[in-house]
Structure formats: C-alpha cells, structure tokens
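The numbering of the sequence shown is the UniProt record's numbering, which starts it at 1 and goes up by one.
Right, one structure below, let's go through it.
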Amino acid sequence: MPLSIFHEKQLETHRDDHYMFILQQQGEFILDVDFKRVEMIGTSLCFVGPGQIHQYFYQKDNKGWFLFVKAEAVSESYREILDMHQWINQAVATDESDVVFDLPPVFERIEKDHALTNSSIELSLVQAVIGIIILKLGQSQISGHQNNGQKYWITGQFKKLINENFKINKKVQEYAQFLSITPLYLNEAVKEVTGYPANFWIRQKILLEARRLLFYTTMDVKQVAYELGYEDHIYFSRFFKKGTGITALQFRSGNQELSHHHH
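Okay, structure coming up:
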C-alpha cells in the first residue's frame, strides 16, 4: 500500500530505500532529515529521499497523507530533480486548494479496486503526484532553472560526481576538470543555483557521510577518517569539528541514544 494517512509515528531514527512524500493539509510536522531540521507548518509538501536518515520530532493536529514510492518507480528525470532538492529545499508551503490534495482520495479508491492496484494507472498517478510536488518545489527554488539551464545542469552533474567521488576527490578544481570547465565557472554555476559555492557542498557531503558512519556503525574516528579517504585522522577530526562545531566523539555520544532505536 503506497499511501498511509498521518498517524502517530515512533520517534525513532531510520533510513529507507524508498522515497517518502508527505502531503500535509493541516497541522504541524517537524522532522530531521540527514541531521537538518525540516519544519512543515500548515498546508505543505515535503519529500525524503532513499538513504536519507530521518527522525520525526513533533507532530500536532495533522491531517494529510504519506506516500511511499520505490525508487525505481520514480522516473529518472524526476529522481535527478529530487536529488538536487536534497541540497536546496525538501519542503514547501502550499495552499489547501492545491490540486495535489485531490489525488490521495483517488489512490484510496484504486486501492479498493484490486484490478487497478499496482497497475500502470496507479503508477501514472504516482508520477503525477511527484510531478506536482516537484513543480511546487521548483517554484520556491532560489533561482528558476528555466533561465539558466546550463548552470542547473552543471550543478546536477556536480552533485552526482561528488556522490561518486568524494572519498578520493575533495577539491573544486578536480570536479571542474571532470566537467571540462574552469573552477571559477563551476563555483559561479553552483552558487547561482544553490546559494552556496562548490566547496561548501563537497564539505557538506563529507560531513554528512561522517555523521552517517558515526551514527550507524561502531567504527572509531580513525576508521571513519580512513573510510572517507583521509590518511591523517587528526586532520579529519579538525575538519569535522570546524564543520559541525563539535568533535566526532561528542556527535556520537550525543546520538548514542537514538542510534540504538533505529531499524
């Protein structure tokens, strides 16, 4: 069943291999996604991508739906845009008359008609919901990518390259080389689309993976540093503290309670 109505969730932390779309008609919902706070106040839409660590903090008077979609059921072009939005914004305010809220009741009727469940009709409806959410996220984006298509494309490629190579390549010029552009232009493009320069995102990716390893594994700091491509674990420790404001060990002990509850 891809759809569920808001219900009291455990406050445990977990990661899933599917997308979760939250269609909130009313109420408040606060969650952490990849250690960042996301607040949904009133009518709003939000998504959590596969592999993103999320924890529910607070919900009040909610009305709305969760939509769970296997990653492979999301078209590739949509996946790329959602990937970009993990950088920019994962939640957006909307209004109650939004067409997206007309669709869940249709899902519920399809669920009752077994001939239609898991059919291409249901899949098309899922794509429609995702398309509308992407459209809404896009409207609130820092800069509409219609008018700077190339910079948007470069930023998307850069994000993909970081995800694949961050353990080995940690310098902006290396990514500029991959893309056959100058470091200056890469920075300009990424800053225009996301609001932050390229090296900020390389650091963010390393810090995120470091947090994930400290949270999910029992590796010590030396092993985490090595896993992330740092020969010198003392350098890594300094990098982590500078980026997060706390030491790697403080981060781990602060989250010890939570990580025992994840599934």
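Virtual Cβ for every residue (Gly too), placed ideally from N, Cα, C.
Check your understanding: Since Val193 and Trp201 are thought to touch, with beta carbons under 8 Å apart, how far apart are those beta carbons, to the nearest angstrom?
Key -> Not really, about 11 Å apart at Cβ, beyond 8 Å.
Exercise for review: Kindly give me the distance between the Cβ atoms of Thr94 and Leu45, rounded to whole angstroms, as I take these residues to be in contact under 8 Å.
Suggested key: 6 Å
Check your understanding: For Phe57 versus Leu31, is the C-beta distance shorter than 8 Å?
Key -> yes
Review point. Between Ile133 and the rest of its own chain, which residues show a CB-CB distance below 7 Å, the 5 nearest in sequence each way excluded?
Key: Phe21, Leu45, Phe47, Val100
Review point. Quick one, which of Asp98, Phe107, Glu72, Glu80 has its alpha-carbon nearest residue 274's?
Key: Outside the shown range of the chain, which is 1 to 263, sits residue 274, and nothing can be said about it.
Check your understanding: Nearest to Val38 by alpha carbon, out of Phe251, Trp87, Leu103, Arg109?
Key -> Trp87
Review point. Taking the DSSP output, what are the residues bridged to Val48?
Key: Met20
Check your understanding: With a cut-off of 8 Å, do at least 3 Cβ pairs link the segment 154–170 to the segment 220–231?
Key -> yes
Point to revise | Integer Cβ distance of Ala128 from Leu103, believed to fall under 8 Å | key: 7 Å
Exercise for review: Grab me the residues of Met219's own chain with a C-beta within less than 7 Å of its C-beta, minus the 5 sequence neighbours each way, in chain order.
Suggested key: Leu213, Glu227
**Study point:** Pairwise C-alpha distance: Trp153 and Ser77
**Key:** 12 Å
Review point. Between which two residues does the beta strand (DSSP E) harbouring Ala210 extend?
Key: No beta strand (DSSP E) contains Ala210, which is instead part of the alpha helix (DSSP H) from 198–216.
Exercise for review: Whole angstroms is fine: what's the gap from Gln52's alpha carbon to Asp17's?
Suggested key: 9 Å
Review point. Can you give, in chain order, each stretch of the alpha helix (DSSP H) that sits fully within the segment 97–166 and has at least 4 residues?
Key: 103–112, 120–139, 149–165
Review point. Quick one: what does DSSP say Val221 is sitting in, helix, strand or coil?
Key: helix
Review point. What do you get for His54, buried or exposed, if any count of 16 or more other CB atoms within 10 angstroms of its CB means buried?
Key: buried
Check your understanding: Which residue from Lys36, Ser119, Ile41 puts its Cα closest to that of Phe29?
Key -> Ile41
Point to revise | Cβ distance (whole Å) where Lys136 is taken to contact Val92 below 8 Å | key: 5 Å
Check your understanding: If you count every other CB in all the chains shown that lies within 10 Å of the CB of Arg211, and 16 or more means buried, which is it?
Key -> buried
Check your understanding: For Gln173, which residues of its own chain have a beta-carbon under 6 Å away from its beta-carbon, when the five flanking residues on both sides are left out?
Key -> Pro183
**Study point:** Span of the alpha helix (DSSP H) around Val190
**Key:** 183–194
Exercise for review: Can you give me the Cβ contacts of Glu96 inside the same chain, cut-off strictly under 7 Å, excluding the 5 residues immediately before and after it?
Suggested key: Gln25, Thr43
Check your understanding: Quick one: what's Phe29 bridged to in DSSP?
Key -> Met40, Gln59
Review point. Does the Cβ of His145 have 16 or more other Cβ atoms within 10 Å, making it buried, or fewer, making it exposed?
Key: Here the model assigns His145 a pLDDT of 48, short of 50, so the residue's position is not dependable and the matter cannot be decided.
**Study point:** DSSP three-state assignment for Phe66, whether helix, strand or coil
**Key:** strand
Check your understanding: Using the rule of at least 16 other Cβ atoms within 10 Å of the residue's Cβ for burial, across every protein chain shown, is Thr217 buried or exposed?
Key -> exposed
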